[in-house]
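A.B. asks: Order-wise, the sequence lines are chains R and U. Numbered per numbering that gives the first Met the number 0, the first sequence spans residues 0 to 248. Numbered per numbering that gives the first Met the number 0, the second sequence spans residues 0 to 248. From the three backbone atoms N, C-alpha and C, an ideal C-beta is built for every residue, glycine too. Just passing along the structure, written as structure tokens.
Number of protein chains: 2
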Amino acid sequence: MSKARRLNYLNKNFILAQLPPDEIDSLQPAMQMARMTPEDLIFRANERVEYVYFPITAMLSWIATTSEGERVEVGVVGWEGMVGVPEMLGYSVAPFTVEVELPGDVVRIRAEVFRRTFDRVPLIQNLLFRYYFTAHTQLAQSSVCNRFHTVEERMNRWLLMAHDRCDGDELALTQEILAGMIGARRPAVSIVLGNLQKAGSIRIERGRITILQREKMEESACECYRVIREAFDHFIEDHQPSVNGFHSA
Amino acid sequence: MSKARRLNYLNKNFILAQLPPDEIDSLQPAMQMARMTPEDLIFRANERVEYVYFPITAMLSWIATTSEGERVEVGVVGWEGMVGVPEMLGYSVAPFTVEVELPGDVVRIRAEVFRRTFDRVPLIQNLLFRYYFTAHTQLAQSSVCNRFHTVEERMNRWLLMAHDRCDGDELALTQEILAGMIGARRPAVSIVLGNLQKAGSIRIERGRITILQREKMEESACECYRVIREAFDHFIEDHQPSVNGFHSA
DNA sequence: TCGAGTCTGTTTCCCAGCGAACAGAAAAAC
DNA sequence: GTTTTTCTGTTCGCTGGGAAACAGACTCGA
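Here it is in structure tokens:
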């Protein structure tokens with residue numbers, strides 16, 4: 000699986016791309032493009048949702064936490080998705096935290112504006128329902144992966160998923176943040192990253208990880224990456240029957 | 000939180016109960032009541048979905064597995080829910096396995112019949128979308144619980160969730176099955192159950208666990224039980240504004 | 001240019017729970 | 001009844017990775 004075959008979508012968000020042109024036009028005044036960095040919070044669990052977000056080059060994460068402060072990512076949201084569904088369904092607070100994991104651009108729309116469109120257009124409801132279903136598969140597979148697989152396997156999976164959603168081969172994140180993503184301690188991450196670098200798969204710099212040999216990482220990742228990837232490919236394919244090559248590689 | 004306050008719903012499935020009477024009438028010929036036991040498979044991952052299922056007293060589980068045969072439950076489905084949403088969205092295969100965990104009654108409807116209703120009635124689409132959103136919270140919390148909490152905490156959570164969905168205080172399951180649910184080995188389950196019995200919370204018999212002191216178990220469970228419970232309460236409450244007391248205990 | 005702050009590499013100790021194995025008890029089949 | 005199967009209780013060695021701690025390296029602001 001190569002990363003290249005998604006480059007068609009780099010310039011826009013997949014969900015937004017499915018909207019009929021006249022709906023896009025009507026949303027235009029309420030849309031803003033913004034550059035987000037990991038310091039920007041999207042939602043904190045149980046706080047009010049004001050905007051819905053459609054990532055372009057940024058990568059967001061759903062984070063689940065315990066009262067002891069442990070945290071693990073349960074799902075990623077990139078150019079293929081959105082966050083803010085709860086508000087569309089009439090829930091005024093988000094059930095968990097959403098953070099910016101990799102800096103980049105997002106489109107945001109005030110929740111009440113997008114909700115009017117959502118309520119009026121069955122196509123969008125169906126699209127988001129399908130997206131949520133896809134996310135369901137992602138959550139389930141992450142769950143079994145977080146339970147049974149080693150730090151090394153989980154890290155391979157995460158880096159590949161991040162690579163699918165970022166712009167280029169460089170991931171701007173610290174090992175501390177990465178540890179929070181895969182639900183491990185920083186020292187464990189440090190050791191595993193060191194091994195990956197020795198193997199030539201990645202290059203480590205302060206605050207940055209560069210993917211060098213994606214293929215090697217795919218080999219050593221657990222099947223969870225493939226399962227999740229196929230779920231998303233299936234979602235994309237359903238709505239883009241005319242695009243050649245996306246799912247056939 | 001007491002179990003008693005849901006007894007109103009014991010005789011019917013919550014989703015079905017929300018359907019307009021005329022829709023129920025039209026579905027009636029395609030509906031069957033069936034008694035299911037853990038030997039009956041509902042869906043196996045990647046196989047075709049023929050029926051949608053609405054549990055009454057049975058409890059079903061979503062199971063995620065790895066290629067090594069490890070397995071963990073990622074969500075439970077009881078009287079409050081249904082399985083078969085993928086088929087409604089046009090996916091002909093289920094993304095993961097669904098099994099009967101506790102024996103009991105279910106209502107089943109041929110998938111293509113229920114899909115016609117789903118396609119025609121926006122109310123049902125919205126209802127199922129909300130249900131899926133609720134399940135999302137459940138998956139996310141299960142994920143962090145499976146990652147960080149001890150076997151004892153996870154078992155307390157699971158037993159409470161099962162107790163909420165079964166008929167009475169007896170859970171008909173083996174320790175082997177329970178181990179698969181919480182993603183642990185059987186010996187660990189055996190030891191923890193022994194401790195719970197010593198504490199007077201449960202009674203263990205061959206193939207059966209009886210809940211004796213629910214309150215004590217709620218105290219020693221992690222917060223994950225409460226988080227998931229509140230998500231479901233919220234879902235139920237939204238659609239039952241006239242029912243007093245359900246959410247206020 | 002220097003020092004404070006941040007990020008990374010590594011070490012040591014320690015334990016929950018996995019893996020494997022087996023004996024005893026209950027149920028089911030004969 | 002007796003045999004066979006299934007389920008449960010328990011033991012023990014082993015290990016991945018959690019918890020804590022610290023030194024070195026890089027960055028940036030004053």
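If I measure Cβ to Cβ from GLU175 (chain R) and keep anything under 7 Å in the same chain, skipping five residues before and after, which residues do I get?
C.D. replies: ARG185
A.B. asks: Nearest to PHE132 (chain U) by CA position, among U:PRO94, U:GLY103, U:VAL84, U:GLU152, is which residue?
C.D. replies: U:VAL84
A.B. asks: Who does PRO54 (chain U) pair with in a DSSP beta bridge?
C.D. replies: U:VAL105
A.B. asks: Grab the span of the beta strand (DSSP E) containing MET32 (chain R) for me, first residue to last.
C.D. replies: Per DSSP, MET32 (chain R) belongs to the beta strand (DSSP E) from 30–35.
A.B. asks: What is the DSSP secondary structure of ALA74 (chain U), counted as helix, strand or coil?
C.D. replies: For clarity, residue 74 (chain U) is Gly in the given sequence; the question names Ala instead. Residue state, collapsed to three classes: strand.
A.B. asks: Does any C-beta atom of chain R lie closer than 8 Å to the C-beta of GLN140 (chain U)?
C.D. replies: yes
A.B. asks: Which chain R residues sit within Cβ distance under 7 Å of SER66 (chain U)?
C.D. replies: GLU222
A.B. asks: Just verifying my parser: in three-state terms, what is the DSSP assignment at ALA220 (chain U)?
C.D. replies: coil
A.B. asks: Could you tell me whether the Cβ of TYR131 (chain R) comes closer than 8 Å to any Cβ of chain U?
C.D. replies: yes
A.B. asks: Rounded to the nearest angstrom, what separates PRO94 (chain R) and LEU88 (chain U) at their Cα positions?
C.D. replies: 24 Å
A.B. asks: Please work out which residues of its chain come closer than 8 Å, Cβ to Cβ, to LEU170 (chain U), disregarding the five sequence neighbours upstream and downstream, and give them in chain order.
C.D. replies: LEU101, LEU158, ALA161, HIS162, ARG207, ILE208, THR209, ILE210
A.B. asks: Could you check whether the Cβ of PRO94 (chain R) sits closer than 8 Å to any Cβ belonging to chain U?
C.D. replies: yes
A.B. asks: Report the start-end ranges of each alpha helix (DSSP H) in the segment 178–231 of chain R that is 4 residues or longer and not cut off at the edges.
C.D. replies: 185–197, 213–219
A.B. asks: May I have the straight-line CA-CA distance separating PRO28 (chain R) from ASP166 (chain R), to the nearest angstrom?
C.D. replies: 27 Å
A.B. asks: Taking the alpha carbon of VAL99 (chain R) as the point to measure from, which residue in R:TRP78, R:ILE203, R:VAL112 has its own alpha carbon closest?
C.D. replies: R:TRP78
A.B. asks: What in chain R is Cβ-close to ASN145 (chain U), meaning under 7 Å?
C.D. replies: SER142, ASN145, ARG146
A.B. asks: Is the shortest distance between the beta-carbon of GLN124 (chain R) and the beta-carbons of chain U less than 8 Å?
C.D. replies: So yes, GLN124 (chain R) belongs to the interface.
A.B. asks: List in chain order: all unbroken beta strand (DSSP E) runs of 3+ residues lying wholly within the segment 82–149 of chain R.
C.D. replies: 96–101, 103–109
A.B. asks: Considering Cα atoms alone, identify which of U:PHE53, U:PHE117, U:ILE201 is closest to PHE13 (chain U).
C.D. replies: U:PHE53
A.B. asks: So, using beta-carbon positions, are VAL82 (chain U) and LEU26 (chain U) closer together than 8 Å?
C.D. replies: For VAL82 (chain U) and LEU26 (chain U), no; Cβs fall outside 8 Å.
A.B. asks: Using the beta-carbon of each residue, which ones in chain U are nearer than 8 Å to VAL120 (chain R)?
C.D. replies: Under the 8 Å cutoff, chain U gives no residues; its nearest Cβ is about 12 Å from VAL120 (chain R).
A.B. asks: Suppose contacts are defined by Cβ-Cβ distances below 8 Å. Is PHE147 (chain R) in contact with GLU72 (chain U) by that definition?
C.D. replies: no
A.B. asks: Check distances from the C-beta atoms of the segment 172–187 of chain U to those of chain R and list, in chain order, the residues that come in under 8 Å.
C.D. replies: GLY182
A.B. asks: By DSSP, does ARG156 (chain R) sit in helix, in strand, or in coil?
C.D. replies: It is helical.
A.B. asks: Taking the straight line between their C-alpha atoms, what separation do you get for ILE55 (chain U) and ALA16 (chain U)?
C.D. replies: 11 Å
A.B. asks: What whole-angstrom Cβ distance do VAL92 (chain R) and VAL48 (chain R) have, given they're in contact under 8 Å?
C.D. replies: 7 Å
A.B. asks: Less than 8 Å between C-beta atoms, sequence neighbours within five positions excluded: which residues of the same chain meet that for ALA178 (chain U)?
C.D. replies: ARG184, ARG185, ALA187, VAL188
A.B. asks: Quick check on DSSP: helix, strand or coil for LEU15 (chain R)?
C.D. replies: Note: LEU15 (chain R) maps to helix in three-state DSSP.
A.B. asks: Spell out whether any CB of chain U is found under 8 Å from the CB atom of THR252 (chain R).
C.D. replies: No information on residue 252 (chain R) is available, as it lies outside the stretch 0 to 248 that chain R covers here.
A.B. asks: Measure the beta-carbon distance from ALA134 (chain R) to TYR50 (chain R) and round it to whole angstroms, keeping in mind my assumption that it falls under 8 Å.
C.D. replies: The pair is not a contact, with the Cβ atoms about 19 Å apart (cut-off 8 Å).
A.B. asks: Between the Cα of VAL143 (chain U) and the Cα atoms of R:THR65, R:MET58, R:ASP232, which residue gives the shortest distance?
C.D. replies: R:THR65
A.B. asks: Please identify the residue among U:ILE235, U:LEU195, U:ARG205, U:PHE234 whose C-alpha is closest to the C-alpha of ALA220 (chain U).
C.D. replies: The closest CA to that of ALA220 (chain U), considering only U:ILE235, U:LEU195, U:ARG205, U:PHE234, is found on U:LEU195.
A.B. asks: Going by the beta-carbon positions, is the gap between SER60 (chain U) and VAL97 (chain U) smaller than 8 Å?
C.D. replies: yes
A.B. asks: Taking 8 Å as the CB-CB cut-off, is ALA110 (chain U) touching chain R?
C.D. replies: no
A.B. asks: Please tell me whether ASP104 (chain U) and ARG164 (chain U) are closer than 8 Å, where the distance is taken between their beta carbons.
C.D. replies: no
A.B. asks: Mind checking which residues open and close the beta strand (DSSP E) that includes LEU40 (chain U)?
C.D. replies: Per DSSP, the continuous beta strand (DSSP E) segment holding LEU40 (chain U) begins and ends at 40–42.
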